[in-house]
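Just below is one structure, and these are the notes that go with it.
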Amino acid sequence: MREELQGASSDGGLLGTFIDAEGAIVEHPLNQRGDALAPDEMRSIPATIGASGSLFKAPVIG
Numbered sequence: 567m568r569e570e571l572q573g574a575s576s577d578g579g580l581l582g583t584f585i586d587a588e589g590a591i592v593e594h595p596l597n598q599r600g601d602a603l604a605p606d607e608m609r610s611i612p613a614t615i616g617a618s619g620s621l622f623k624a625p626v627i628g
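Counting in this note's numbering, the sequence shown runs from 567 upward without gaps.
Here is the structure:
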């Protein structure tokens, strides 16, 4: 699974949606299986906080 997502240029995830290093959504069937906020809903929130559990994820957070 991880190799498949990396092959699709996925660099990380945000609330169950896979994104690339620039924050663009990577089209993948797993994006439809989540039950969290959609990226458009997240963009409408005036202030957000990002947190990472490893250095591997840091480039996505920026």
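Using N, Cα and C, we set each Cβ at its ideal position, and we do this for glycine too.
Model, not experiment: these values are computed from the prediction.
On the DSSP bridge assignment, give the partners of residue i in chain order.
{"i": "G582", "result": "Answer by DSSP bridge pairing: none, since G582 is not bridged."}
{"i": "I615", "result": "Partner(s): none; I615 has no beta bridge."}
What are the boundary residues of the alpha helix (DSSP H) that includes residue i?
{"i": "R609", "result": "605-609"}
In its own chain, which residues sit with a C-beta less than 8 Å from the C-beta of residue i, not counting the 5 before and 5 after it?
{"i": "S610", "result": "none"}
{"i": "D601", "result": "G582"}
Excluding five sequence neighbours on each side, which residues of the same chain lie with their C-beta closer than 7 Å to the C-beta of residue i?
{"i": "L603", "result": "L581"}
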